[in-house]
Structures are given as C-alpha cells and as structure tokens.
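In the working numbering, the protein residues as written are 86 to 347.
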Amino acid sequence: GGGVEKREGVGKSGEREDRQAAKAAFVQVVDSLERPYRPSRWWWEVTVLYRRVFVSLLFSLISSPLVKYLTLFTFLVCIMLAQSVAFPFVSVFDNAIETLLLSCLVIIAGIASAKGMADATALNLYSSSSALRTVRGEVFEHIQLFEDGVLVAGLVVVGVVIVRLIVSKVGAACNRERREGWGRKRRRVMAEVRRRMTAAVSSFSMWRRRVRKRRGRTRANAGVHADAHSRGEERNQYDSDDGDVSEGAGEEGVKGVLQPEL
Numbered sequence: 086g087g088g089v090e091k092r093e094g095v096g097k098s099g100e101r102e103d104r105q106a107a108k109a110a111f112v113q114v115v116d117s118l119e120r121p122y123r124p125s126r127w128w129w130e131v132t133v134l135y136r137r138v139f140v141s142l143l144f145s146l147i148s149s150p151l152v153k154y155l156t157l158f159t160f161l162v163c164i165m166l167a168q169s170v171a172f173p174f175v176s177v178f179d180n181a182i183e184t185l186l187l188s189c190l191v192i193i194a195g196i197a198s199a200k201g202m203a204d205a206t207a208l209n210l211y212s213s214s215s216a217l218r219t220v221r222g223e224v225f226e227h228i229q230l231f232e233d234g235v236l237v238a239g240l241v242v243v244g245v246v247i248v249r250l251i252v253s254k255v256g257a258a259c260n261r262e263r264r265e266g267w268g269r270k271r272r273r274v275m276a277e278v279r280r281r282m283t284a285a286v287s288s289f290s291m292w293r294r295r296v297r298k299r300r301g302r303t304r305a306n307a308g309v310h311a312d313a314h315s316r317g318e319e320r321n322q323y324d325s326d327d328g329d330v331s332e333g334a335g336e337e338g339v340k341g342v343l344q345p346e347l
C-alpha cells in the first residue's frame, strides 16, 4: 500500500511538472508574439494573420484580374491607413518599415488595377488604331518600369531589415561575450582584492597578537622587578629593625651590670 501511494505521488508530481512546463512554453510563445507590439496593440498580430488569409482567398476565388486587383488595392489602402493610425509597434523603425512595405504593395496593386482597367475599357475600343496601340504600349512600358522599381525598392527594404536583424543579433552576441569577458575579469580582480585584503587583515591580526604578547611580557617583567624590589626593601627594613633591637638589648645589659656596682 505504501509503495502504491508513493508511485501515485510521484506520478502526480510528474504531471504537475509537465503542466507547468507546458504553461511556461505557452507563455514564452505568447510573449515572443506580443513583444514587438505596444501593450495596447497586442491584437495587431491577428490583423496580420487575417490579412494573409484574405489575400490568399482573394487570389484563389476571384478570377477577374480587374476585380481582384481593385479589391486588393482597396484592402491594402485600408490596412495602410489602419497602420498609420494604430502605430502598433514599439520601435519607430518597425512602424516605418511596415508602412513603407504596405505603400509598395499599394502601389503595385494600383498599377495592376490601372493596367486591368486599361485593358478592359476604352483603349480596347480603339485597338485598331496603330497610334493608340503605340501610345498604350509606351504607357504600359513606363508603368511596368515603375512597377519594377517599386518591387526593387521593396526588396531593398526587406534586405535592409534582414541586415539590421543580423547586425543586431551579432552585436548582441558580441556585447554578451564582452560583458561575460568583463565579468570574468572583474571577478578575477575582485578575488585578488579580497585575497589581498584577507592577507592584510590576517597580517594586522598577527601583529596585534604579537604586540599584545610583548606588552604582556613587559608587564610581567615589570611586576617581577617590582616584587623583587619590594622584597628587597622589606628585607632591608627587617634588618634595620633587628639592629635596633640588638643595640637596645646591649645597652640594657650594660646598665644591669653597672647598677649593682653602684
């Protein structure tokens, strides 16, 4: 019975640890998702996910290029305005990059919509005219060049973001190594300082003990000399007292001898 209860207790503690680990992992994932955003704009990640879903559905369900790009253009304009108003990211650089990328997407969608409208409307009515065909070809060529420029600008922005992330990661790693190296050096210096302070304190303690012993010996010697001196004085006093007594006894004896004769 005791063994079964012990195994059940171990199993419950293991399940509790697993739940705590899963909860900690979930909190870490949520924190990594919410970290780039301001505290009141944590929901912006949901709009990014819905934007991707909407674009995927738009390109898969709508077959007309004109309707597709017009809808995409309108949707991207709304997203860009919401981005400019919400200002969701903590970093100003992140907000600027997001606005710039949305602007590039809006321009590309607008160019595609303009080309689709040109193909679907009045220019096709006069397609028999060679001059109009030439003008339309030149206009479309300039539009295509502008679209290519916008695409290149978007790629450059993405490259700048990637380079910035790499530089920040490498810089953080270098700073961490530098801090760790400085920490090790500081620990060595502090250990050396503590060792020297301990040696100085121990030397001072030994010196104090030696001084105390020397003072004790000096006091003991002084006490011995004082005792010897006092004993010498007592002996001298005792000898002088004995001399006085013997002299008095001699005088009395002489007087006793002389009195009968008188």
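Where a beta carbon is used, it is the ideal one built from N, C-alpha and C, also for glycine.
For residue i, three-class secondary structure by DSSP
i	result
F231	helix
F172	coil
S149	coil
L343	Low confidence applies here, because L343 scores a pLDDT of 44, under 50, leaving its location unreliable; read the following figure in that light. Note: L343 maps to helix in three-state DSSP.
Opening and closing residue of the alpha helix (DSSP H) in which residue i lies
i	result
V81	Residue 81 cannot be examined here, being either before or after the span of the chain that is shown, 86 to 347.
Own chain, CB closer than 8 Å to residue i, minus 5 neighbours either side, in chain order
i	result
L236	C189, I193
E119	W127, E130
V248	none
K270	none
R280	none
V330	Residue placement at V330 is poorly supported in this model, since its pLDDT is 46, which falls under 50; the coordinates are not used for a value here.
T132	I164, A167
Cutoff 7 Å; reference residue i; Cβ partners in own chain excluding five residues on either side
i	result
L185	V242
V278	none
T159	none
P173	Y122, R123, R126, W129
W267	none
Residues that residue i bridges to, as DSSP identifies them
i	result
Y122	F174
Spatial neighbours of residue i in its chain, beta-carbon cut-off 6 Å, leaving aside the 5 residues before and after
i	result
I196	I228, E232
L343	Here the model assigns L343 a pLDDT of 44, short of 50, so the residue's position is not dependable, and the following value carries that caveat. So the list is empty, once near-sequence residues are dropped.
N260	none
Integer-rounded CB distance, given that residue j should sit under 8 Å from residue i
i	j	result
R136	I182	Not a contact, Cβ separation roughly 16 Å.
V48	V162	Shown here, the chain extends from 86 to 347; a query on residue 48 therefore has no answer.
L134	G201	With 8 Å as the limit, L134 and G201 do not qualify as a contact, their Cβ atoms being about 28 Å apart.
V175	R104	That pair is no contact at about 32 Å.
L143	L157	6 Å
S198	L155	5 Å
The ligand ZN heavy atom lying under 8 Å from the CB of residue i
i	result
R294	Absence of the ligand ZN is noted for the structure shown, with no ligands found whatsoever.
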